[in-house]
Structure formats: structure tokens, C-alpha cells
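Let me begin by presenting the structure, written as C-alpha cells, before commenting on it.
There are 2 protein chains.
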Amino acid sequence: MKFELQYNDSQSNARAGLITTDHGQIETPIFMPVGTQGAVKAVHMPELEKDIQAQIILGNTYHLYLRPGLDILRQAGGLHKFNSWNKPILTDSGGFQVFSLAHNRKLTEEGAIFRSHVDGSKHIFTPENVMDIERTIGADIMMAFDECTPGDAEYSYAKKSLDLTERWLDRCITRFNETECEYGYKQALFPIVQGCVYPDLRKRAAENIASKEAEGNAIGGLAVGEPTEKMYEMIEVVNEILPKDKPRYLMGVGTPANILEAIERGVDMFDCIMPTRNGRNGQLFTRRGILNMRNKKWANDFNPIDAEGTSFVDTLYSKAYLRHLFIVNEILALQIASIHNLAFYLWLVKEARKHIIAGDYSNWKRSIIDDVTRRL
Amino acid sequence: MKFELQYNDSQSNARAGLITTDHGQIETPIFMPVGTQGAVKAVHMPELEKDIQAQIILGNTYHLYLRPGLDILRQAGGLHKFNSWNKPILTDSGGFQVFSLAHNRKLTEEGAIFRSHVDGSKHIFTPENVMDIERTIGADIMMAFDECTPGDAEYSYAKKSLDLTERWLDRCITRFNETECEYGYKQALFPIVQGCVYPDLRKRAAENIASKEAEGNAIGGLAVGEPTEKMYEMIEVVNEILPKDKPRYLMGVGTPANILEAIERGVDMFDCIMPTRNGRNGQLFTRRGILNMRNKKWANDFNPIDAEGTSFVDTLYSKAYLRHLFIVNEILALQIASIHNLAFYLWLVKEARKHIIAGDYSNWKRSIIDDVTRRL
Numbered sequence: 001m002k003f004e005l006q007y008n009d010s011q012s013n014a015r016a017g018l019i020t021t022d023h024g025q026i027e028t029p030i031f032m033p034v035g036t037q038g039a040v041k042a043v044h045m046p047e048l049e050k051d052i053q054a055q056i057i058l059g060n061t062y063h064l065y066l067r068p069g070l071d072i073l074r075q076a077g078g079l080h081k082f083n084s085w086n087k088p089i090l091t092d093s094g095g096f097q098v099f100s101l102a103h104n105r106k107l108t109e110e111g112a113i114f115r116s117h118v119d120g121s122k123h124i125f126t127p128e129n130v131m132d133i134e135r136t137i138g139a140d141i142m143m144a145f146d147e148c149t150p151g152d153a154e155y156s157y158a159k160k161s162l163d164l165t166e167r168w169l170d171r172c173i174t175r176f177n178e179t180e181c182e183y184g185y186k187q188a189l190f191p192i193v194q195g196c197v198y199p200d201l202r203k204r205a206a207e208n209i210a211s212k213e214a215e216g217n218a219i220g221g222l223a224v225g226e227p228t229e230k231m232y233e234m235i236e237v238v239n240e241i242l243p244k245d246k247p248r249y250l251m252g253v254g255t256p257a258n259i260l261e262a263i264e265r266g267v268d269m270f271d272c273i274m275p276t277r278n279g280r281n282g283q284l285f286t287r288r289g290i291l292n293m294r295n296k297k298w299a300n301d302f303n304p305i306d307a308e309g310t311s312f313v314d315t316l317y318s319k320a321y322l323r324h325l326f327i328v329n330e331i332l333a334l335q336i337a338s339i340h341n342l343a344f345y346l347w348l349v350k351e352a353r354k355h356i357i358a359g360d361y362s363n364w365k366r367s368i369i370d371d372v373t374r375r376l
Numbered sequence: 001m002k003f004e005l006q007y008n009d010s011q012s013n014a015r016a017g018l019i020t021t022d023h024g025q026i027e028t029p030i031f032m033p034v035g036t037q038g039a040v041k042a043v044h045m046p047e048l049e050k051d052i053q054a055q056i057i058l059g060n061t062y063h064l065y066l067r068p069g070l071d072i073l074r075q076a077g078g079l080h081k082f083n084s085w086n087k088p089i090l091t092d093s094g095g096f097q098v099f100s101l102a103h104n105r106k107l108t109e110e111g112a113i114f115r116s117h118v119d120g121s122k123h124i125f126t127p128e129n130v131m132d133i134e135r136t137i138g139a140d141i142m143m144a145f146d147e148c149t150p151g152d153a154e155y156s157y158a159k160k161s162l163d164l165t166e167r168w169l170d171r172c173i174t175r176f177n178e179t180e181c182e183y184g185y186k187q188a189l190f191p192i193v194q195g196c197v198y199p200d201l202r203k204r205a206a207e208n209i210a211s212k213e214a215e216g217n218a219i220g221g222l223a224v225g226e227p228t229e230k231m232y233e234m235i236e237v238v239n240e241i242l243p244k245d246k247p248r249y250l251m252g253v254g255t256p257a258n259i260l261e262a263i264e265r266g267v268d269m270f271d272c273i274m275p276t277r278n279g280r281n282g283q284l285f286t287r288r289g290i291l292n293m294r295n296k297k298w299a300n301d302f303n304p305i306d307a308e309g310t311s312f313v314d315t316l317y318s319k320a321y322l323r324h325l326f327i328v329n330e331i332l333a334l335q336i337a338s339i340h341n342l343a344f345y346l347w348l349v350k351e352a353r354k355h356i357i358a359g360d361y362s363n364w365k366r367s368i369i370d371d372v373t374r375r376l
């Protein structure tokens, strides 16, 4: 993996760059649609590539490890071959899901023991076997195995948790360096900065990670219950320290406004289930604000879903039609909302990149941020 | 509406024709995907037009009358404008749904009184108001309001039911002739032959309907529980009598084999929920047989879903991937299976048309019918 830092905003820490992987290039800042189980929910691969213009998608290690399982993924020749997405893929490390989805979970020095939420079967994730699993899935970017500390954790817990995450990181790096991709292309490993909302822990974590000289670095454990201002503060603390010549990935974030603020603070990569999950619940993000498509007010609004939108759904279908589809529980409603929201998120980061390059990022952000946050 | 009978098979009653409506032409024999609530489930309009190559779709009067309701449809300028499907649309008359979905239904000479399955509200469908409703929906082809007699009805019930359907037909025709399309294009009205499995009733019904000189005629009340051989026998009885120079529509049928047999017996138009509903349940129809995608045997079959299929999904995704999507309940599974099955049904009738024109329909049917019926 290669990262070229192409532009630095003179007014802020915003940056534009280019990541090159064996499955193609990624222009940053970028948003990565979440394909938890090997599919972005309700979206066909050609729609993802051509209409939404996604450049990289996520897969979730926890889910893919359970189903279809490593045997199938290995026989397929990795996730790209399995799901027909031939551009870059990033996998998380499963740690977050073990703590949010799995049953009977128990943390030890060795790793995390848990029972599958699918069939109750018992499993263990360790730094070593998670590296092996991500090798088998075959993502272009692999994430280190960590404990995602809750946003409201006490200092003493957050510190103990960070200690463990740091020991696990060393084990991840060792195993990663001892192994190779099973399918002949290159994979990169990103460590994850934890430390909850405590500046000194975040600082220490960022310094430790900076010393590892990884190909890219991630900020985890944010947008997990802490106040938004705390999140922005932690991003600032961390990005002071993380190497400027490596991409920075803010995990699991967030609203359009969160993304614009984080870009201004030097973040390059994002993922979030919000555009797809909220879309399936009828919430549409647009340049002019947020629409609840179940609202009666759209019942006879025959204007396009989003006259300024970039997706084919935006001008093909009307608000009244989409509202009807939601009210009568048609699957097509979920498809339309998911495509629209993802296309909007990809438009947003592309536009951000344009303005970073044009040198007016902060002005543009100020001009748009109230609009994208407004409830319509 | 215009119907041009283009080819008659010399070996059988199979025919190829061309229907012309104000929303475009339809080559027969044709299969019409079902868009119950104004959307074909899990399928985008451009997929329906370009990938599946549907030439006409159905809307269900009962559902559309309840939601979005006539006010919205009228304000939209009819169903075509509302759902962005600009090719021909056919609407059923709601009779079948009143008897299969609605609550507290009661049949009188006047019409059918029922309570909505959505909110329990009370409604009446009469021959007159159903004509008005179909005018407001704005389908190119409207169906007469009838009672769909159950497949296992006693003779005396079937006869009484047919008497009512015939009186209702006259009221439908009167109302239809007194009214006009609200949107400026032409609409046609198709009467429906009932009579259960009783040849004399079917004959009488067909003769009565033939005398009405409608622009097309339908055969209803089949594939509703009677033996398949009875269905074929009824089609033969009816098609002896129905005018040859008008399209014949067999309502709600059926399996690929049913369609091939009915084409051989002179049917031109079909609709059925089978490709979409069975698809959503994991059943795929192909040229080589029927696949249950949930079956373990596909778990590591990395071959295309259908190497001979005409849809983009057929060669883009593998059987193993589609099986995985079904097992983990991904919406994309429903999308893929629905598109595949509809594309297969449209391929089947297009291929049938080709062979009618080539003069070898019956031979071709014999060569394919065991294959399409086989469980793989």
C-alpha cells in the first residue's frame, strides 16, 4: 500500500491524498460503505461501483468468520472473489462486534472468548488468530485486534484497557510480519488508537502507534457514547501526533457534520452504518437537510427525491413514491434510500476533497454544515 | 389498444402477436411481472426495463386503492407517473384480493363489502366503482370486476357465481363506456372467463364474453386449487371459443411448464407472483432446472448463478455467494433472486415467441419442459 499526501489545506488540518492498493486507488478523504456480511445491504455491486462511486468497502471480520466461514472464503480465493467486489476492501478486527453482538464474552490476556450470536458456538479471538483470519478474508487493509473501550469508561478502566490493546498490538504486528497474504496481493495493517476520552491516554496511544510506522493508522473508540465535542477534541489530540504521511482512519463515524469536522481535523478515511441503517429506517441525508420519508408531508410531494442528488434514484423517483414504498413496506424503499444515502456520503467527501484542493475547505464547510444538519 | 396476430403455429394453437398501447408495444406471448403496490418487489424500474426486459407490468387495484389511495394517484397523474414506469401497465379488478386478503368480506348483488387488511376500514367494490378506480389508476389494460370462484367449488356454487360475474360484467362494460381515461391516453377493458372446472360453465362464459367484442379477454379462476390437467382442459375449452384476433390473458399462471403448456393452447399473456415470491424464498428457475439456494450443496459452488442466464446477476455473482446471502438474511439475496427469476420468465416467453415464428414450437417445448421442471 502506498499513500501520497497530495494537498494540505493552508487554513486547517484538512488534507487530500491518494492511497494505492493492489486492487486500485482511493482518493482521500473517502467514505467507505459498510458491507458487514460481504454485501452492502440492499445495494448491488455495480450500483456501488458505478452509481454510488464507492472506491473501497468494509467487511466485518466477526460476521465473515462466522458465516460463510474461513473454509468457504479460502476456497473462493478471498472476499473479493467471493462477493465480486474487485476494488479495495478493509476489514475491521472483530473486537467491536465481539463486545456488541456476541454472547458470554470474556476478556483475557490471551484474547476474547465468546459465543456466536448465530448458534451459540464457542470461539476465541486472539491477536494472532485475528491476523490469520484477516489474511484469509484477504482485505487490502487489515485492522489490529483491540478492545474498543466504551465512551463512558472510568479512567482506570480506560487505562487498563489501553494497556491490553497495546500488548495486543505488538502481538498483531509480530504475527502480521510472520505471515503473508494467501492470494498473492499485498495487505496492510492499521493499528488503532484507543484511550477513551482521556487526552493523556489518547496521546500516549498515538505516540506508541506512531512509533510502529504502520502503513496507516486508525482512531477507534469514538462515537461510542461520548459527547461530540469530546470526540473532536480527541481527534485533535491524536492527529497532532499521528504521522502526517500516512492515512488516518476514524472508525465508525458518523453524521455528515461529524465527517466534515473530522476532515478539517486531518482525518482521511471514514466508515459508518448510518447511511444504510438510517436509510432503511426512512431517513435521507441531502445537501439541503435530513428527510424522514415516513412523514405525511411527503405524501403528495411529486418532486424528485433529491433534485441535486448524484444517484439515478434521486431524479427517477419522487418523494411521494418513496414515501408510499416505506409506508407499505416495499423492499424497494430500502434499496432507494440506501443508494441515495451512500451516493450522498460519497458526494460529500468528493466535494470536500475538491474544496481542499481549491484551498477553501473551511469556508465551504461553514457554508454547508448547517444545511446538512437541518431536519426538513 | 390494437392487437395484431402475427404468426399461428401450424402444429398447435400457439400464436405470436403484437399489442400496441399508448405506452408502447408488447410482443406476445408475454409474461407480466407483478407490481402489487406500484413496485415489483426488490426490483428497480431501470432493472425491470433494461435487464429483465419487461414490456408490461401489473398493478393490484385492491392494494393501490387502499395505499397510496386514489387522491394521491390522481394528483400524481396516474400510476405511470407515480412509479416512473412508462411502459404499459395492466390492473386487476381487486376481486381476487378482496376474497384472499380483506376481512369481513360479504358478497351482494351490488358488489363486495369488505374491511381493509391494513386498518380495518370498511369499503365496497362494485362493478361501477372498480371501473372508476381503474380509470384513476390509469392502467393501459383494465380488468372487469368478477368473483374468482375457488378451484374446488361445487357446480351449483360455480354456476351461481358465474351468473353474478356475468351480470357484473354488463355493469362494468356500461360504466366503462360512459367514462374516459383521466389522463388523455386510451385504456382497454378485458372481461374474465370464470366457470371453475366445469366445461359447460366455461363454455357458456366464453361465449358470453366473445359476444362482448372486448379488446382482449382473460381466463380467470384457474391455478386456484384445481388439478393441473383440469386447468389445461379448461384453457382448451375456452380458447376454442374466445376470438382469435384478440389477446388472451391467463390470470395468475404459473410455473414455467404451465406457461409453456398454456402458450401451446393459444394463450398470449401471463402474470404470476411465482418468480418474485419464490425467488424471495430462495427458489431459482433456470433453463436447466429449479434450484433451492438455501441448500448446503451450493455452499462452495463458485460457478455463476446461471451461466446461460440473461441478467447481469447471473454471471456476476456465484451460487456460493447467493447461498451465503440467503443464509445470513441479506436483502441483496432477495434482489438477486427476483431479478434472476423475472429475467428467466421473460427469456422463456421470448424464446417461445421465437420458436412459434420459426414453426417448431411444440418440438422446442418438448425439448425443454422436463429440464425447466427438474429439481437441481
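Taken in order, these protein sequences are the chains called A and B. The opening residue of the first sequence carries number 1 in UniProt numbering; numbering runs sequentially from there. The opening residue of the second sequence carries number 1 in UniProt numbering; numbering runs sequentially from there. Built from N, CA and C at the ideal position, the CB exists for glycine as well.
For this session: Could you tell me whether any Cβ in chain A is nearer than 8 angstroms to the Cβ of K160(B)?
Result: With 8 angstroms as the cut-off, K160(B) does not count as an interface residue toward chain A.
Exercise. Based on the DSSP output, what are the partners of D271(B) in its beta bridges?
Worked result: In DSSP, D271(B) forms a bridge with M32(B).
Exercise. What did DSSP end up calling T310(B) once you bin it into helix, strand or coil?
Worked result: Under the three-state reduction of DSSP output, T310(B) falls in the coil class, being neither helix nor strand.
Exercise. Taking 8 angstroms as the CB-CB limit, is L334(B) close to chain A?
Worked result: By this cut-off, L334(B) is an interface position.
Problem set entry | Selection of the stretch 131–148 of chain B by Cβ proximity to chain A, strictly under 8 angstroms | Sequence-ordered contacts of the stretch 131–148 of chain B with chain A are nonexistent [C-beta pairs closer than 8 angstroms].
Problem set entry | Pair within 8 angstroms by beta-carbon distance, I290(A) and R375(A) | Going by C-beta atoms, I290(A) is nearer than 8 angstroms to R375(A).
For this session: Count the C-beta pairs between the stretch 62–70 of chain B and the stretch 149–160 of chain B that are closer than 8 angstroms, then say yes if the count reaches three, no if not.
Result: Touching, no.
Exercise. Nearest CA to the CA of V40(B): which residue from M142(B), D170(B), W85(B)?
Worked result: The residue with the shortest Cα to Cα distance from V40(B) is W85(B).
For this session: For H44(B), decide whether its Cβ has a neighbour in chain A, counting only Cβ atoms nearer than 8 angstroms.
Result: Yes, contact with chain A.
Exercise. Mind pulling the chain B residues with CB within less than 8 angstroms of A307(A)?
Worked result: Within 8 angstroms Cβ-Cβ: nothing; A307(A) doesn't reach chain B, min ~15 angstroms.
For this session: Kindly say whether E229(B), judged by its beta-carbon, lies nearer than 8 angstroms to any beta-carbon of chain A.
Result: Not an interface residue.
Exercise. DSSP three-state call for F145(B): helix, strand or coil?
Worked result: DSSP places F145(B) outside both helix and strand once states are collapsed to three, so it counts as coil.
For this session: Taking only the alpha-carbon atoms, compute the straight-line gap between K2(B) and F270(A) and give it to the nearest angstrom.
Result: Between K2(B) and F270(A), the C-alpha separation is close to 56 angstroms.
Exercise. Does the pairing of the stretch 38–57 of chain A with the stretch 93–111 of chain A give three or more beta-carbon distances under 8 angstroms?
Worked result: Segment contact: the stretch 38–57 of chain A against the stretch 93–111 of chain A, fewer than three CB-CB distances shorter than 8 angstroms; contact not assigned.
For this session: Give the DSSP-derived three-state secondary structure of Q335(B) in the structure shown.
Result: Collapsing the DSSP output to three states places Q335(B) in a helix.
Problem set entry | Local conformation of T21(A) per DSSP, three classes | Of the three classes helix, strand and coil, the one that applies to T21(A) here is strand, per DSSP.
Exercise. Opposite L162(B) in the DSSP bridges: which residues?
Worked result: According to DSSP, which records beta bridges pairwise, L162(B) is partnered with nothing at all.
For this session: With 8 angstroms as the limit, tell me which residues of the stretch 291–302 of chain B have their beta carbon closer than that to any beta carbon of chain A; keep them in chain order.
Result: Along the stretch 291–302 of chain B, going in chain order, the ones with a CB nearer than 8 angstroms to a CB of chain A are A299, N300, F302.
Problem set entry | Assumed close pair Y232(A), Y198(A) - CB separation to whole angstroms, cut-off 8 angstroms | So it is not a contact: roughly 15 angstroms between Cβ atoms.
Problem set entry | Residue span of the alpha helix (DSSP H) that contains F82(B), given as start and end | Where F82(B) is concerned, the enclosing alpha helix (DSSP H) stretches over 79–83.
Exercise. Hey, does A76(A) have any beta-carbon neighbour from chain B nearer than 8 angstroms?
Worked result: Yes, contact with chain B.
For this session: Specify, as a first and last residue, the run of the beta strand (DSSP E) that T286(A) falls within.
Result: Unbroken beta strand (DSSP E) run through T286(A): 283–286.
Exercise. In chain order, what residues of the stretch 81–99 of chain B put their CB closer than 7 angstroms to some CB of chain A?
Worked result: Listed by position, the residues of the stretch 81–99 of chain B near chain A (Cβ gap below 7 angstroms) are F82, N83, S84.
Problem set entry | Proximal residues to L322(B) (C-beta, below 6 angstroms), its chain only, five neighbours per side dropped | Cβ neighbours of L322(B) beyond the five flanking positions: M293, I305, I336.
Problem set entry | Every unbroken alpha helix (DSSP H) inside the stretch 312–376 of chain B [4 residues or more] | Listed in chain order, they are 312–316, 319–327, 331–358, 361–373.
Problem set entry | Residue interval of the alpha helix (DSSP H) (run including Q53(B)) | Premise fails: Q53(B) is in no alpha helix (DSSP H) and is neither H nor E.
Problem set entry | Simplified DSSP assignment, three categories, for Q194(B) | Three-state result, Q194(B): coil.
Exercise. Using the rule of at least 16 other Cβ atoms within 10 Å of the residue's Cβ for burial, across every protein chain shown, is Y185(A) buried or exposed?
Worked result: With fewer than 16 Cβ atoms within 10 Å of its Cβ, Y185(A) is classed as exposed.
Problem set entry | Nearest to N300(A) (by Cα), restricted to the options H324(A), R280(A), L316(A), M142(A) | Ranking the options by Cα distance to N300(A), first place goes to H324(A).
Problem set entry | Reduced DSSP secondary structure (H/G/I, E/B, other) of I91(A) | Correcting the residue type first, residue 91(A) is Thr in the shown sequence and not Ile. DSSP places T91(A) in strand when its eight states are reduced to three.
For this session: May I have the straight-line CA-CA distance separating N239(A) from G77(B), to the nearest angstrom?
Result: The straight-line gap from Cα to Cα measures roughly 55 angstroms.
For this session: Would you kindly work out how many angstroms separate the C-alpha atoms of P227(A) and V237(A), rounded to a whole number?
Result: For P227(A) and V237(A), the distance between alpha carbons rounds to 16 angstroms.
Problem set entry | the stretch 338–349 of chain A touching the stretch 250–267 of chain A, judged by at least three CB pairs closer than 8 angstroms | Yes: at least three Cβ pairs fall under 8 angstroms.
Problem set entry | Neighbour list for L316(A) in chain B, Cβ cutoff strictly below 9 angstroms | In chain order: H44, M45, P46, S84.
For this session: Go ahead and pull the three-state DSSP assignment for A16(A).
Result: Strand.
Problem set entry | Nearest-angstrom Cα separation, counted from A54(B) out to V313(B) | Distance between the alpha carbons of V313(B) and A54(B) is about 16 angstroms.
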